[in-house]
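Structure, as structure tokens:
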Amino acid sequence: MEFQDKMLKCIDCGADFVFTAGEQLFFHDKQFKNEPKRCKACKSKRVAVLGSSPPPSRNYNYSKVETRATCSQCGKDTTVPFRPTQGRPVLCRECFTQKRTAASA
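Positions in the sequence shown are counted from 1; adding 338 to them yields my numbering.
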């Protein structure tokens with residue numbers, strides 16, 4: 339497929355900018371469906387503004403997860419610092435330590 343440079347209009351400043359054949363090839367290879375809407379200057383400004391603070395929808399406060407579970411080996415109630423995966427054993431601290439020391443010996 340042969341690409342040719344295209345003139346596009348920036349939606350922010352209204353200036354014309356060139357969508358080069360190389361950029362079109364890149365967009366085609368990445369299977370992007372839409373052409374760029376902003377010139378390089380406006381895109382840089384937008385990235386700078388959006389990149390300065392995290393979006394409100396993201397939670398950057400990583401808190402520790404504590405999950406109540408029953409030890410697969412001794413049956414004791416315990417809490418673990420992760421969400422258990424179905425089909426995988428969950429061990430209390432004592433059983434985990436015993437298994438770890440037995441494996442290293």
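We put the beta carbon where it would ideally sit given N, CA and C, even for glycine.
Owing to the predicted nature of the structure, the values given are computational and were not obtained by experimental measurement.
In terms of residues, what are the limits of the beta strand (DSSP E) holding residue i?
i	result
ARG406	405-408
Strictly by DSSP, which residues pair up with residue i?
i	result
LYS344	PHE357
ASP415	THR408
Which first and last residues belong to the alpha helix (DSSP H) in which residue i is found?
i	result
PHE434	431-442
In this structure, does DSSP put residue i in helix, strand or coil?
i	result
SER424	According to the sequence displayed, residue 424 carries Gln and not Ser. Reduced to three states, the DSSP call for GLN424 is coil.
I believe residue i touches residue j by the beta-carbon criterion, under 8 Å. Please report the beta-carbon distance rounded to the nearest angstrom.
i	j	result
PHE420	THR405	7 Å
Going by C-alpha distance, which of the options is nearest residue i?
i	options	result
GLY352	LYS375, GLY389, PRO422	LYS375
PHE364	ASP343, ASP415, CYS348	ASP343
LYS381	PHE370, CYS433, CYS348, ASP354	CYS348
GLN444	GLN369, SER410, CYS430, LYS437	With the chain running from 339 to 443 in the structure shown, residue 444 is simply not present.
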